[in-house]
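The sequence shown begins at 0 in numbering that gives the first Met the number 0 and counts up by one.
Don't be surprised by glycine CBs; every beta carbon is placed ideally from N, CA and C.
Just so you know, these numbers come straight off a predicted model, no measurement behind them.
This report concerns only the one structure given below.
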Amino acid sequence: MNSRTQPDSTIHIVEKAKAFGASMAGITSITSLQNAPSYEVYGNAEWPVEAKSLIVLAQVHEISVPELDWWDDKNGGTPGDRQLGSIANSLRQWLNEELNIDAWSLPYHIEKGGIFLKDAAALAGLGTMGKNNLLITPEFGPRIRLRALLLNVDLEPTGPIDFTPCEACNMPCRRVCPQKAFKNDSYNRILCNEQMKTDEMNRVIFKKSENNNLPSICIKYCRACELACPADR
Numbered sequence: 000m001n002s003r004t005q006p007d008s009t010i011h012i013v014e015k016a017k018a019f020g021a022s023m024a025g026i027t028s029i030t031s032l033q034n035a036p037s038y039e040v041y042g043n044a045e046w047p048v049e050a051k052s053l054i055v056l057a058q059v060h061e062i063s064v065p066e067l068d069w070w071d072d073k074n075g076g077t078p079g080d081r082q083l084g085s086i087a088n089s090l091r092q093w094l095n096e097e098l099n100i101d102a103w104s105l106p107y108h109i110e111k112g113g114i115f116l117k118d119a120a121a122l123a124g125l126g127t128m129g130k131n132n133l134l135i136t137p138e139f140g141p142r143i144r145l146r147a148l149l150l151n152v153d154l155e156p157t158g159p160i161d162f163t164p165c166e167a168c169n170m171p172c173r174r175v176c177p178q179k180a181f182k183n184d185s186y187n188r189i190l191c192n193e194q195m196k197t198d199e200m201n202r203v204i205f206k207k208s209e210n211n212n213l214p215s216i217c218i219k220y221c222r223a224c225e226l227a228c229p230a231d232r
């Protein structure tokens, strides 16, 4: 497929992603992503030359299930990310077998060949970047987790959308940060990273035996700004 596919193809793929378990899904172009602010700053993004579009998958992370976001030493990082990885693999196989579309899974980390998932999700119409430096969605607020697949076809984009959840908000997210990462009215990544280091030092260590498959560590990274956000409450 060399020319842009019809909008109904995009809808079909997005709905199939949801059928596999994604809470939300959206599509944007590689060109749009390369022109996003993060890539203008960091650059050096290298993806397969055949890649033309990407689909972003989102899964809701309910407040009642915090363990979905606890990092461990098993493959995939967190239980929630492993669920998203399974959804992505199912979708990739279906795209290839049913639509003859090649798809590439992406790692989570930028330095390992990943993408800026929040930028991609905003471009794909899943939500918008909030003043807490999180993607905020109309359906689930910031309480979602993201993965993406690169595709070798041009698909009709599903975004961005007109959505301004922070416009009339008194931003409790900025007041609850334990590191005061928003004290100058903008996000300070260095201060946020300091909290992550603290969380890593406070990791929980489990005793392992040879006959179990349980993780040996658990890191509960800070979610203060995410949980304080009133969007979709």
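DSSP-derived helix/strand/coil call for residue i
{"i": "MET200", "result": "helix"}
{"i": "MET195", "result": "helix"}
{"i": "ALA102", "result": "strand"}
{"i": "THR9", "result": "helix"}
{"i": "LEU190", "result": "helix"}
{"i": "SER37", "result": "helix"}
{"i": "LYS182", "result": "coil"}
{"i": "PRO65", "result": "helix"}
{"i": "GLU14", "result": "helix"}
{"i": "ILE234", "result": "It is not possible to answer for residue 234, since the shown part of the chain is limited to 0 through 232."}
{"i": "GLU45", "result": "coil"}
{"i": "GLU166", "result": "coil"}
Span of the alpha helix (DSSP H) around residue i
{"i": "ARG79", "result": "Just to set this straight, residue 79 is Gly in the shown sequence, not Arg. 78-98 is the span of the alpha helix (DSSP H), which, as asked, contains GLY79."}
{"i": "SER31", "result": "29-33"}
{"i": "ALA119", "result": "116-122"}
{"i": "ALA223", "result": "223-227"}
{"i": "ARG173", "result": "171-174"}
Identified DSSP bridge partners for residue i
{"i": "ALA57", "result": "MET23 and LEU145"}
{"i": "LEU154", "result": "BP columns for LEU154 are empty, so no partner."}
{"i": "THR127", "result": "ILE135"}
{"i": "CYS245", "result": "No answer is possible for residue 245: it lies beyond the span of the chain, which begins at 0 and ends at 232."}
{"i": "TRP70", "result": "ILE218"}
{"i": "GLY140", "result": "THR136"}
{"i": "SER52", "result": "SER28 and LEU150"}
Integer Cβ distance of residue i from residue j, believed to fall under 8 Å
{"i": "VAL48", "j": "ILE100", "result": "In fact, because the Cβ distance is near 16 Å, the residues do not count as touching under 8 Å."}
{"i": "ILE189", "j": "ASP71", "result": "With a Cβ gap of about 26 Å, ILE189 and ASP71 do not count as contacting."}
{"i": "PRO106", "j": "PRO171", "result": "Not a contact, Cβ separation roughly 33 Å."}
{"i": "ILE143", "j": "VAL59", "result": "6 Å"}
{"i": "ALA24", "j": "ALA57", "result": "7 Å"}
{"i": "TYR220", "j": "MET195", "result": "6 Å"}
{"i": "TRP103", "j": "LEU148", "result": "7 Å"}
{"i": "GLU61", "j": "LEU133", "result": "Not a contact, Cβ separation roughly 16 Å."}
task = Could you say if the region 77-84 and the region 58-67 meet the contact criterion of at least three C-beta pairs nearer than 8 Å?
result = yes
ask   = Do the region 29-38 and the region 89-97 touch if we need at least three Cβ pairs shorter than 8 Å?
value = Taking a contact to require three or more Cβ pairs closer than 8 Å, the region 29-38 and the region 89-97 do not qualify as touching.
key: contact_flag[the region 154-171, the region 103-113] where n(CB pairs < 8 Å) is 3 or more   = no
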